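Below is one structure; the comments refer to it alone.
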Amino acid sequence: MRKPNKFERHESRLATTDEQGHRVFLYPEDVKGKWRNKRTIFFWFLILLYLVLPWIHIGGKQSILLNIAKREFTFFTHTFYSHDAPLLIFIFLGIPLFFAFVTSIWGRAWCGWGCPQTVFIDAIYRQIELWTEGKSRQREALDKAPMSLLKAAKKLSKWILYLLVSMHIAHSFIGYFVGTWELYEITLAPPSSNFGIFTATWITVAIILIDFGWFREQFCIIACPYGRMQSVIMDDHSMVVTYDEKRGEPRRLSEESNSESPVLEGDCINCYHCVKVCPTGIDIRRGTQLECIACTNCIDACDEIMTKVGKPEGLIRYDTELGKQGVKVKKIGLRSIIYLTLMTIVFGGFIYMLNQQDRLRVMMLRGSKSPFQIVRTTEIEEIANHYKIAIDYNGEKVQKLFFMIKDPVLAKAIRVATPRAPWQLKKGHNKANIFFRFNKKILIKGNRKIILLIKNGDTEKEATLVLEQEVNLAGPLR
Ligand code: SF4
Ligand code: SF4
């Protein structure tokens with residue numbers, strides 16, 4: 006009778022839970038290989054980008070600054086304001102479509118190559134673990150051993166290093182929201198002077214520390230919404246990390262394998278090396294599974310074994326389900342084409358809207374409860390209409406605005422007044438009162454539509470037209 010292998014996974018239970026549903030901690034073995042090297046280089050590129058980007062300032066602006074308090078969002082010199090909310094619709098639609106497109110072609114490439122969870126854990130936290138507690142077997146033995154001075158020292162040094170790294174990551178993260186130099190000054194001041202930011206930073210540190218140091222693969226398996234969606238997004242044209250069962254089965258040393266007829270054996274020697282290195286503890290030989298984060302560890306592990314036994318690499322490899330069956334697949338499937346088309350439309354709309362940014366967006370609302378007021382002096386009786394004008398402006402240069410009426414006859418009969426003339430329009434959301442005074446004779450059945458010209462220039466004479474705005478003037482019926 007074959008001795009049960011502890012890496013043989015249960016039919017229906019997660020590798021990270023026992024019969025009672027308690028968590029089983031994994032001790033994935035370290036792996037070497039070409040995919041490991043590529044990922045390490047890419048991870049450090051992403052980490053450096055993440056750490057350096059908020060310190061880069063272009064044209065006096067932080068490269069990426071998401072200032073929620075001021076409702077200003079800067080991306081490489083371009084600043085969006087709260088009134089740019091329609092643009093957010095394009096972003097919220099575009100990002101999932103981009104992920105859907107990438108997933109439909111390259112499977113869970115995001116999980117294995119770009120997700121902060123994978124990047125930080127693999128490049129930093131697992132390395133700290135390796136330095137402080139040793140290799141997989143040593144770590145497992147340490148956890149099982151009773152508490153001792155050595156065990157306490159190893160655990161303490163690991164968690165201190167985790168804490169320092171988590172603090173650095175968290176401060177960089179907060180720097181994207183409050184500004185790096187501002188955050189630097191805040192950190193030098195007493196916590197009481199910026200208690201909100203102080204609390205937010207430490208909550209972020211705690212989340213990162215717990216997630217990257219302890220929760221780890223559990224997040225990918227039970228909490229990540231993207232992991233749940235992947236099966237709907239992917240199809241037989243999508244690249245996945247996959248085991249070639251045609252080539253690998255029947256496995257050597259397995260019960261099905263017949264030692265008297267070795268020619269029937271597949272290339273898999275059933276060494277479980279692919280399972281031992283898997284950070285989510287799965288056996289990829291059972292097919293594509295939700296827990297697979299496409300980290301490629303099993304590819305490197307199996308390639309190493311294949312080289313040792315003198316077989317070609319690629320028993321576990323990146324491939325499509327169709328490609329694995331020998332079907333020649335198109336580079337891009339119908340599903341990917343649909344995602345790409347939708348993505349192009351959405352991002353096209355975003356670029357179009359972005360180009361409209363420097364235009365003024367005007368909103369005029371009545372400023373008083375009553376649509377008009379009657380102003381009497383000893384000599385005249387006039388009708389006054391009060392409007393509130395709001396203009397969103399995204400340009401950098403201060404504009405001087407003049408308001409005038411288009412119709413030259415009406416322009417003589419109606420006076421337009423703003424608190425300051427010209428009105429100085431600055432970047433952002435500008436608000437002002439605007440008053441119209443006129444004789445009721447200009448009204449037709451108590452109303453009169455006029456076209457208000459908004460012009461920009463140093464003097465009223467030189468000012469050029471920025472836009473025309475229709476305004477409805479109201480007054481008494483008679
Ligand atoms: S099955 Fe392979 S690619 Fe998937 S998570 Fe495990 S080691 Fe990584
Ligand atoms: S590493 Fe390769 S040979 Fe070893 S069990 Fe996995 S698939 Fe089979």
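Residue 6 is where the sequence shown starts when you use the working numbering, and the numbers rise one by one after that. Beta carbons are placed, not taken as given, at the ideal position from N, Cα and C, and that holds for glycine. Please read these numbers as outputs of a predicted model, since none were measured by experiment.
ask   = Once you ignore the five residues that flank Ser153 on each side, which residues in its own chain have a CB closer than 6 Å to its CB?
value = If you number the sequence shown from 1, residue 153 lands on position 148. Excluding positions up to five away in sequence, the list is empty.
ask   = Near Phe12, which residues of its chain fall below 8 Å by C-beta distance, leaving aside the five closest residues on each side in sequence?
value = Sequence index remark: in the sequence shown, residue 12 carries index 7 (1-based). Around Phe12: Tyr277, Val280, Lys281, Asp288.
request  = Consider the C-beta atom of Ala306 and the heavy atoms of ligand 2; say whether any pair is separated by less than 6 Å.
outcome  = The sequence position of residue 306 within the sequence shown is 301, counting from 1. Correct: Ala306 has its Cβ closer than 6 Å to ligand 2.
key: Among His173, Ala20, Gly64, Tyr86, nearest to Tyr55 - alpha-carbon criterion   = For the purposes of this step, residue 55 is identified with residue 50 of the sequence shown, where counting begins at 1. For the residues His173, Ala20, Gly64, Tyr86, the minimum Cα distance to Tyr55 belongs to His173.
key: Asn10, DSSP secondary structure in three states   = Here residue 10 corresponds to residue number 5 of the sequence shown, with the count starting at 1. In this structure, Asn10 counts as coil in the three-state DSSP scheme.
message = I'd like to check one pair, Ile456 with Lys411: are the Cβ atoms closer than 7 Å?
response = Here residue 411 is taken as the residue at index 406 of the sequence shown, counted from 1. Here residue 456 is taken as the residue at index 451 of the sequence shown, counted from 1. A contact, by the Cβ cut-off of 7 Å.
inquiry  = Closer than 6 Å to a non-hydrogen atom of ligand 1 - does that hold for the CB of Ile310?
reply    = Taking the sequence shown and counting its residues from 1, the one referred to as residue 310 is at position 305. No.
request  = Apply the 10 Å Cβ neighbour rule to Ile100 and answer buried if 16 or more other Cβ atoms are within range, or exposed otherwise.
outcome  = Locating residue 100 in the sequence shown gives position 95, counting from the first residue. The residue in question, Ile100, is exposed, as its Cβ has fewer than 16 Cβ neighbours within 10 Å.
Uninterrupted beta strand (DSSP E) stretches inside the segment 392-474 (no shorter than 3 residues) = If we require 3 residues or more, the beta strand (DSSP E) runs fully inside the segment 392-474 come out as 404-410, 419-422, 428-430, 433-443, 452-461.
message = Between the alpha carbons of Arg144 and Asn10, how many angstroms are there, rounded?
response = Residue 144 sits at position 139 when you count from the first residue of the sequence shown. Residue 10 sits at position 5 when you count from the first residue of the sequence shown. Rounded to the nearest angstrom, the two C-alpha atoms are 19 Å apart.
ask   = Any idea which residues DSSP pairs Met358 with across the strands?
value = The sequence position of residue 358 within the sequence shown is 353, counting from 1. Answer is none; Met358 lacks a bridge partner.
message = Going by C-alpha to C-alpha distance, which of Arg290, Trp111, Gly38, Lys163 sits closest to Val236?
response = If you number the sequence shown from 1, residue 236 lands on position 231. Before going further, note that residue 236 is Ser rather than Val in the sequence given. Ser236 has its Cα closest to that of Trp111, out of Arg290, Trp111, Gly38, Lys163.
ask   = Between Gly354 and the rest of its own chain, which residues show a CB-CB distance below 8 Å, the 5 nearest in sequence each way excluded?
value = Within the sequence shown, residue 354 is the residue found at index 349, counting from 1. If we look at Gly354 and ignore the five residues flanking it on each side, its Cβ neighbours are Phe95.
task = Could you check the C-alpha separation between Lys466 and Pro376 for me, to the nearest Å?
result = Taking the sequence shown and counting its residues from 1, the one referred to as residue 466 is at position 461. Taking the sequence shown and counting its residues from 1, the one referred to as residue 376 is at position 371. Straight-line Cα distance between these residues: approximately 32 Å.
request  = May I ask which residues mark the beginning and end of the beta strand (DSSP E) holding Ile69?
outcome  = Counting from one through the sequence shown, the residue named residue 69 turns up at place 64. Its beta strand (DSSP E) spans residues 69-72.
query = Quick one, are the C-beta atoms of Leu320 and Arg256 less than 7 Å apart?
reply = Reading the sequence shown from its first residue, position 315 is the one you call residue 320. Reading the sequence shown from its first residue, position 251 is the one you call residue 256. No. Outside cutoff.
ask   = CA-CA distance, Glu261 and Gly271?
value = If you number the sequence shown from 1, residue 261 lands on position 256. If you number the sequence shown from 1, residue 271 lands on position 266. With a pLDDT of 48 at Glu261, under the threshold of 50, the predicted position of this residue should be treated as unreliable, and no value is reported.
ask   = For Tyr167, which residues of its own chain have a beta-carbon under 7 Å away from its beta-carbon, when the five flanking residues on both sides are left out?
value = Residue 167 sits at position 162 when you count from the first residue of the sequence shown. Excluding residues within five positions, the ones whose Cβ falls inside 7 Å are Tyr130, Ile133, Leu214, Gly218.
task = In angstroms with no decimal places, state the Cα-to-Cα distance between Thr464 and Trp118.
result = Counting from 1 along the sequence shown, the entry for residue 464 is found at position 459. Counting from 1 along the sequence shown, the entry for residue 118 is found at position 113. Taking the straight line from one Cα to the other gives about 58 Å.
message = Below 6 Å, is the gap between the Cβ of Asn275 and the nearest heavy atom of ligand 3?
response = Inclusion of ligand 3 in the displayed structure is not the case, the ligand content consisting of ligand 1 and ligand 2 alone.
task = Check each candidate in Val414, Glu386, Val367 and name the one with the smallest Cα separation from Val476.
result = For the purposes of this step, residue 476 is identified with residue 471 of the sequence shown, where counting begins at 1. Here the closest residue by C-alpha is Val367.
task = Confirm the yes/no value for this check: CB of Leu347, any heavy atom of ligand 2, distance under 6 Å.
result = Along the sequence shown, one-based indexing puts residue 347 at 342. Leu347 Cβ: outside cutoff for every heavy atom of ligand 2.
Three-state secondary structure (DSSP) of Arg371 = The residue you call residue 371 lines up with position 366 of the sequence shown. Here Arg371 sits in strand by DSSP.
inquiry  = Is Ile226 close to ligand 1? I mean its beta-carbon at under 6 Å from any heavy atom of the ligand.
reply    = Locating residue 226 in the sequence shown gives position 221, where the first residue counts as 1. Every heavy atom of ligand 1 is 6 Å or more from the Cβ of Ile226, so no.
request  = Under the assumption that Arg41 contacts Asp305 (Cβ atoms under 8 Å), give the Cβ distance between them as a whole number of angstroms.
outcome  = By 1-based counting over the sequence shown, the position of residue 41 is 36. By 1-based counting over the sequence shown, the position of residue 305 is 300. The C-beta distance from Arg41 to Asp305 rounds to 5 Å, short enough to fall under 8 Å.
key: Between the CA atoms of Asp241 and Glu326 - distance to the nearest angstrom   = On the sequence shown, residue 326 is found 321 positions in, with the first residue counted as 1. On the sequence shown, residue 241 is found 236 positions in, with the first residue counted as 1. Roughly 5 Å separates the two Cα atoms.
Exposed unless 16 or more other CB atoms sit within 10 angstroms - verdict on Lys39 = Reading the sequence shown from its first residue, position 34 is the one you call residue 39. With fewer than 16 Cβ atoms within 10 Å of its Cβ, Lys39 is classed as exposed.
ask   = To the nearest angstrom, how far is it from the Cα of Lys159 to the Cα of Asp148?
value = Translated into the one-based positions of the sequence shown, residue 159 becomes position 154. Translated into the one-based positions of the sequence shown, residue 148 becomes position 143. If I take the Cα positions, the gap works out to 11 Å.
task = Would you identify the three-state DSSP class for Arg257, choosing helix, strand or coil?
result = Taking the sequence shown and counting its residues from 1, one reaches residue 257 at position 252. Looking at Arg257 - three-state DSSP - the assignment turns out to be coil, as it is neither helix nor strand.
request  = State buried or exposed for Glu138, treating a residue as buried only when at least 16 other CB atoms are found within 10 Å of its CB.
outcome  = Reading the sequence shown from its first residue, position 133 is the one you call residue 138. By the 10 Å Cβ count, Glu138 comes out buried.
ask   = Excluding sequence positions up to five away, which residues of its chain have a Cβ less than 6 Å from the Cβ of Trp207?
value = Counting from one through the sequence shown, the residue named residue 207 turns up at place 202. There are no such residues.
query = Hey, Ala114 and Thr45 are a contact pair by Cβ (cut 8 Å); roughly how many whole angstroms apart?
reply = Position 109 of the sequence shown holds residue 114. Position 40 of the sequence shown holds residue 45. The pair is not a contact, with the Cβ atoms about 16 Å apart (cut-off 8 Å).
key: Endpoints, alpha helix (DSSP H) assigned at Glu77   = By one-based count along the sequence shown, residue 77 stands at place 72. It is not in any alpha helix (DSSP H) - Glu77 instead sits in the beta strand (DSSP E) that spans 77-80.
task = Note down the Cα distance separating Cys303 from Ile212, rounded to an integer number of angstroms.
result = Reading the sequence shown from its first residue, position 298 is the one you call residue 303. Reading the sequence shown from its first residue, position 207 is the one you call residue 212. Taking the straight line joining both Cα atoms gives about 29 Å.
Distance cut-off 6 Å: Cys116 Cβ against heavy atoms of ligand 1 = For the purposes of this step, residue 116 is taken as the residue at position 111 of the sequence shown. Result no, Cβ not under 6 Å from ligand 1.
request  = Return helix, strand or coil for Arg44, following the three-state DSSP convention.
outcome  = Position 39 of the sequence shown, counted from the start, is the residue given in the question as residue 44. Arg44: helix per DSSP, three-state reduction.
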